[in-house]
Amino acid sequence: MPGLFSSIITGLSLLPASYEPPGMEKRGGRRKRRGRSVETEFASYYNRPVIKKPHWVWPIWTYFWAGGIAGGASAIATLAHLLGDKEADVSIVRAGRYIGMVGVIVSPVLLIIDLQRPERFHHMLRVLKLRSPLNTGTWILTSLGVLSGLNFARQVVEDGIIPEGSFLGKLALLSSNNATQLLQGVDGLALGTYTGVLLSATAVPLWANANESIAPLFLSSAMSTGAAAISLGRAVGGVEVENLHRLDPIERMAIISELSCLAYGYSKLTPEVRRHVTDGPNARSFLIAIGLGMLGPLLLQLLGPKKGLAGRLTSLLTSLMVLTGGFFLRYATIVAGKESTDDPDACHSITRGPGRASPEEQAQRYSTGHDKPFEAGRSIPEARPNSFEAAVSFEMNAPSSTAGSKPEDQTS
Amino acid sequence: MANGFFTDTTLCIGCKACEVACKQWNQLPADGYAMTGMSYDNTAALSATTWRHVAFIEVPKSKKRLPMATPAPPPAAVPSADGGNSEGLKILNINGEASLQVGFPDIGQWLMMSDVCKHCTNAGCLQACPTGAIIRNEFGAVYVQPDICNGCGYCVPSCPFGVVALQHDDGRAFKCTLCYDRQKDGLEPACAKACPTDSITFGNLDDLKMRARQRVAELHARGETSAYLYGVDEETEVGDLNAFFLLKAEPEAYGLPKAPRLPQDRVGRGYLAGFAAAAVLSVFSALVFKSKR
Ligand code: SF4
Ligand code: SF4
Ligand code: SF4
Chain A
1 MPGLFSSIIT GLSLLPASYE PPGMEKRGGR RKRRGRSVET EFASYYNRPV
51 IKKPHWVWPI WTYFWAGGIA GGASAIATLA HLLGDKEADV SIVRAGRYIG
101 MVGVIVSPVL LIIDLQRPER FHHMLRVLKL RSPLNTGTWI LTSLGVLSGL
151 NFARQVVEDG IIPEGSFLGK LALLSSNNAT QLLQGVDGLA LGTYTGVLLS
201 ATAVPLWANA NESIAPLFLS SAMSTGAAAI SLGRAVGGVE VENLHRLDPI
251 ERMAIISELS CLAYGYSKLT PEVRRHVTDG PNARSFLIAI GLGMLGPLLL
301 QLLGPKKGLA GRLTSLLTSL MVLTGGFFLR YATIVAGKES TDDPDACHSI
351 TRGPGRASPE EQAQRYSTGH DKPFEAGRSI PEARPNSFEA AVSFEMNAPS
401 STAGSKPEDQ TS
Chain B
1 MANGFFTDTT LCIGCKACEV ACKQWNQLPA DGYAMTGMSY DNTAALSATT
51 WRHVAFIEVP KSKKRLPMAT PAPPPAAVPS ADGGNSEGLK ILNINGEASL
101 QVGFPDIGQW LMMSDVCKHC TNAGCLQACP TGAIIRNEFG AVYVQPDICN
151 GCGYCVPSCP FGVVALQHDD GRAFKCTLCY DRQKDGLEPA CAKACPTDSI
201 TFGNLDDLKM RARQRVAELH ARGETSAYLY GVDEETEVGD LNAFFLLKAE
251 PEAYGLPKAP RLPQDRVGRG YLAGFAAAAV LSVFSALVFK SKR
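Residue numbers (this note's numbering), protein chains in the order written: chain A, 1 to 412; chain B, 1 to 293.
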């Protein structure tokens with residue numbers, strides 16, 4: 001039987017149509033490289049990808065989403081705690097602290113799941129590298145975990161789950177104050193920002209090209225989803241309807257900020273990169289993110305009812321829409337970015353720029369200043385036992401002032 | 001003292017000795033028998049188990065638009081091996097009459113290039129690595145320490161040349177080590193040692209750069225006006241490459257970015273833009289909380 005099976009498989013693989021060389025597969029069955037829609041004067045190496053794509057799948061976009069919610073909720077809870085109404089806004093602080101705590105428990109788990117060597121997670125914390133957003137982000141997440149824990153403990157005591165008089169209760173009240181809450185808020189904003197920086201600081205065409213618009217986009221989305229999560233918690237937790245729409249202006253402002261970041265980022269994309277946003281299944285995900293997560297809630301908040309059961313349901317619905325849209329925003333950005341790495345045109349379109357001298361310029365650069373003609377073959381090193389020994393013994397005259405940018409290399 | 005490679009693609013004969021030598025020395029597993037269907041290149045790309053990759057670019061004479069940076073020069077006056085016979089191969093029968101004539105295949109020229117990790121001066125992979133697993137070693141090479149790497153995979157999309165990759169059954173990232181072990185013992189890297197034409201030369205970078213500049217000038221003097229150096233003496237964000245190349249076609253034809261960009265140059269601006277948005281939204285939220293309901 002195994003013999004039959006393998007010969008069937010072998011036979012199938014010999015059919016010409018069944019073989020797709022790696023990296024040249026159909027893109028999700030939709031767009032078979034039907035020529036280049038944008039005329040470029042550049043070749044590529046047999047349409048092979050120029051750079052490699054990240055292996056990131058669902059844990060990463062779920063983490064970006066959950067981390068964003070935790071960060072946004074932390075920031076909003078902090079502002080409500082420090083500046084808000086001491087009675088009406090307590091429910092915001094409470095919901096924010098609970099959501100932040102859940103978020104910082106879920107996020108590291110997702111991040112560790114994504115590692116290919118999860119048991120070495122702590123290696124992330126053996127250095128501090130500000131140029132590496134993933135390293136900085138791990139530190140941010142770790143410190144946010146500690147701070148959220150402290151403030152969460154205080155909330156638990158204030159809610160009477162742990163009695164104030166007990167040892168744990170006293171400890172919790174002692175170890176947190178307004179300063180820890182402030183730090184949690186700042187850390188939450190940092191967590192929302194760094195995920196965007198993490199993406200834009202790669203060679204992936206979509207993320208690199210959208211550049212400085214991804215970090216504010218993800219931060220704004222963190223604020224809107226954080227606010228939505230708090231509103232959801234309060235709507236479910238039975239806060240009175242008049243009070244329920246307290247966070248709506250913040251949500252609206254965050255959504256407007258998201259839309260402007262999207263528009264700015266999109267306007268900066270080269271046509272080759274833009275294709276990966278406007279074509280195919282990713283386009284649908286982006287549309288869901290924008291329609292369901294931004295435009296829909298915006299309209300619903302402005303036009304929907306604010307009072308009674310209808311007001312409560314509207315609040316619930318908008319919150320759910322914003323949360324879903326935020327998830328699709330992370331998903332679409334990551335998946336479309338991964339797809340754009342397979343496209344050599346997209347890669348080349350963002351790495352044109354200045355920076356390479358033409359052959360003629362180089363010829364001029366290297367040949368000026370030689371008063372004696374070249375002897376053919378001199379530059380090809382003779383048989384040598386080991387190229388550690390300097391194989392070059394010819395003299396090279398100092399280049400003229402028009403020559404290359406590194407004269408010190410030639411005078412040595 | 002930094003060591004590196006000068007890969008002169010005009011000398012490459014596409015024998016893949018470097019690929020094999022690298023696999024053997026570093027005990028890298030085979031990649032299976034997948035055929036790419038493109039040219040002679042079934043290696044396809046650099047990967048976690050392929051640290052040298054010979055690219056084959058077939059440029060037929062009939063091809064309208066050559067991937068050349070400048071038009072190919074007219075054929076040199078040097079007599080070719082077949083004595084300048086352009087008609088092809090004649091097979092004579094026993095009476096000395098031509099019985100069969102085989103035309104030469106339509107091969108204008110071959111461009112072959114042995115690709116490798118560039119060991120960039122400003123290496124995207126090194127700066128991205130959150131564990132500090134990637135370091136610059138005493139020979140100037142960018143080296144992944146396998147006992148530190150935790151397989152986060154962030155270096156993979158951070159390399160502007162698509163070199164480093166995760167090994168899927170192992171989970172860690174691997175790439176060319178510039179034969180750290182051999183260099184420690186005073187030996188040149190296996191690939192350079194095996195290269196029969198010295199297309200790959202290994203040595204001190206200052207020597208190599210001087211030799212490379214000389215070679216470009218020499219090729220131009222001979223009429224090969226499309227030769228140029230890729231990876232040195234250029235103002236790119238990644239800086240000089242410790243493994244640099246002499247190429248004849250535009251970089252894109254070899255799958256190289258024309259002006260590679262350092263991803264980490266975007267970190268500062270990203271945080272700045274993100275924190276600006278954070279400040280605006282925080283101030284707005286503060287006003288909301290301060291306002292009368
Ligand atoms: S070519 Fe890529 S993997 Fe090699 S040093 Fe440069 S950035 Fe790192
Ligand atoms: S996969 Fe390994 S080498 Fe690459 S960035 Fe992560 S820890 Fe560093
Ligand atoms: S230097 Fe060593 S590890 Fe790197 S490609 Fe050559 S043989 Fe392989």
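Glycine is no exception: its CB is placed at the ideal position from the N, C-alpha and C atoms.
Whole angstroms is fine: what's the gap from residue i's alpha carbon to residue j's?
i, j, result
"residue 168 (chain A)", "residue 150 (chain A)", "12 Å"
"residue 263 (chain B)", "residue 200 (chain A)", "8 Å"
"residue 326 (chain A)", "residue 266 (chain A)", "18 Å"
"residue 22 (chain A)", "residue 242 (chain A)", "With a pLDDT of only 32 at residue 22 (chain A), under the threshold of 50, the placement of this residue in the model should not be trusted; the figure read from the coordinates follows. Cα-Cα distance, rounded: 58 Å."
"residue 245 (chain B)", "residue 114 (chain A)", "36 Å"
"residue 377 (chain A)", "residue 346 (chain A)", "Residue placement at residue 377 (chain A) is flagged as unreliable, the pLDDT there being 37, under the threshold of 50; the coordinate-derived value follows with that caveat. The alpha-carbon atoms of residue 377 (chain A) and residue 346 (chain A) are separated by roughly 40 Å."
"residue 143 (chain B)", "residue 152 (chain B)", "16 Å"
"residue 276 (chain B)", "residue 238 (chain A)", "35 Å"
"residue 285 (chain A)", "residue 164 (chain B)", "30 Å"
"residue 56 (chain B)", "residue 111 (chain B)", "6 Å"
"residue 222 (chain B)", "residue 117 (chain B)", "30 Å"
"residue 109 (chain B)", "residue 190 (chain B)", "28 Å"
"residue 54 (chain B)", "residue 177 (chain B)", "17 Å"
"residue 274 (chain B)", "residue 211 (chain A)", "11 Å"
"residue 68 (chain A)", "residue 218 (chain A)", "7 Å"
Using DSSP with H/G/I as helix, E/B as strand and the rest coil, what is residue i?
i, result
"residue 36 (chain A)", "With a pLDDT of only 32 at residue 36 (chain A), under 50, the local geometry of the prediction cannot be trusted, and the value read off the model is given with reservation. Correct three-state label for residue 36 (chain A): coil."
"residue 458 (chain A)", "Within the shown structure, residues of chain A are numbered from 1 to 412, placing residue 458 (chain A) beyond reach of any answer."
"residue 139 (chain B)", "coil"
"residue 60 (chain A)", "helix"
"residue 232 (chain B)", "coil"
"residue 52 (chain B)", "strand"
"residue 167 (chain B)", "coil"
"residue 145 (chain B)", "coil"
"residue 156 (chain B)", "helix"
"residue 7 (chain B)", "strand"
"residue 179 (chain B)", "coil"
"residue 280 (chain B)", "helix"
"residue 114 (chain B)", "strand"
"residue 74 (chain A)", "helix"
"residue 161 (chain B)", "coil"
"residue 247 (chain B)", "strand"
"residue 201 (chain B)", "strand"
"residue 362 (chain A)", "helix"
"residue 272 (chain A)", "helix"
Residue i versus chain B: which residues are under 9 Å apart at the beta carbon?
i, result
"residue 494 (chain A)", "A question about residue 494 (chain A) goes unanswered here, because the residues of chain A that appear run from 1 up to 412."
"residue 232 (chain A)", "Those do not exist, as residue 232 (chain A) stays about 18 Å from chain B at its closest Cβ, beyond 9 Å."
Assuming residue i and residue j are in contact, meaning their beta carbons sit under 8 Å apart, how far apart are those beta carbons, in whole angstroms?
i, j, result
"residue 185 (chain A)", "residue 66 (chain A)", "Not confirmed; about 18 Å, so no contact."
"residue 160 (chain B)", "residue 260 (chain B)", "4 Å"
"residue 242 (chain B)", "residue 141 (chain B)", "7 Å"
"residue 270 (chain B)", "residue 196 (chain A)", "6 Å"
"residue 363 (chain A)", "residue 225 (chain B)", "7 Å"
Using the beta-carbon of each residue, which ones in chain A are nearer than 9 Å to residue i?
i, result
"residue 296 (chain B)", "Given that chain B is displayed from residue 1 to residue 293, the structure contains no residue 296 (chain B) and the question cannot be resolved."
"residue 182 (chain B)", "Near residue 182 (chain B) there are no residues of chain A at all, since even the closest Cβ is about 11 Å away, more than 9 Å."
Name the chain B residues that come within less than 8 Å of residue i, Cβ to Cβ?
i, result
"residue 215 (chain A)", "270, 271, 273, 274, 277"
Strictly below 7 Å CB to CB, what residues from chain A border residue i?
i, result
"residue 17 (chain B)", "Result: empty, since nearest Cβ-Cβ is about 16 Å, beyond 7 Å."
"residue 216 (chain B)", "362, 363, 366"
Taking Cβ-Cβ distances shorter than 8 Å, what residues in chain A pair up with residue i?
i, result
"residue 131 (chain B)", "120, 123, 124, 126, 127, 135"
"residue 52 (chain B)", "Result: empty, since nearest Cβ-Cβ is about 16 Å, beyond 8 Å."
Just to make sure I have the definition right: I need the residues of chain B whose C-beta is within less than 7 Å of the C-beta of residue i. Which are they?
i, result
"residue 131 (chain A)", "127, 264, 267"
"residue 219 (chain A)", "274, 277, 278"
Exercise. If contact means a Cβ-Cβ distance below 9 Å, which residues of the region 159 to 180 of chain B contact chain A?
Worked result: 159, 160, 161, 162, 163, 164, 165, 166, 167, 168, 170, 171, 172, 173
Exercise. If contact means a Cβ-Cβ distance below 9 Å, which residues of the region 250 to 266 of chain A contact chain B?
Worked result: 250, 253, 254, 257, 261
Exercise. Name the residues in the region 52 to 66 of chain A whose C-beta lies less than 9 Å from a C-beta of chain B; which are they?
Worked result: 52, 53, 54, 55, 56
For this session: Please list the residues of the region 252 to 268 of chain B that have a C-beta atom closer than 7 Å to any C-beta atom in chain A, keeping them in chain order.
Result: 252, 253, 254, 255, 257, 258, 259, 260, 261, 263, 264, 266, 267
For this session: Please list the residues of the region 147 to 181 of chain A that have a C-beta atom closer than 8 Å to any C-beta atom in chain B, keeping them in chain order.
Result: none
For this session: Report the residues of the region 68 to 98 of chain A with a CB closer than 8 Å to any CB of chain B, ordered along the chain.
Result: 75, 76, 79, 80, 83, 84, 85, 88, 89
For this session: With 7 Å as the limit, tell me which residues of the region 238 to 250 of chain B have their beta carbon closer than that to any beta carbon of chain A; keep them in chain order.
Result: 250
For this session: Residues of the region 148 to 159 of chain B with a CB closer than 9 Å to any CB of chain A: list them in chain order, please.
Result: 148, 149, 150, 151, 152, 153, 154, 156, 157, 158, 159
Exercise. Using a beta-carbon distance cut-off of less than 7 Å, what residues from the region 198 to 212 of chain A approach chain B?
Worked result: 200, 201, 202, 203, 204, 208, 211, 212
Exercise. Taking any Cβ of chain A, which residues in the region 12 to 38 of chain B have a Cβ under 9 Å from it, in chain order?
Worked result: 34, 35, 36, 37, 38
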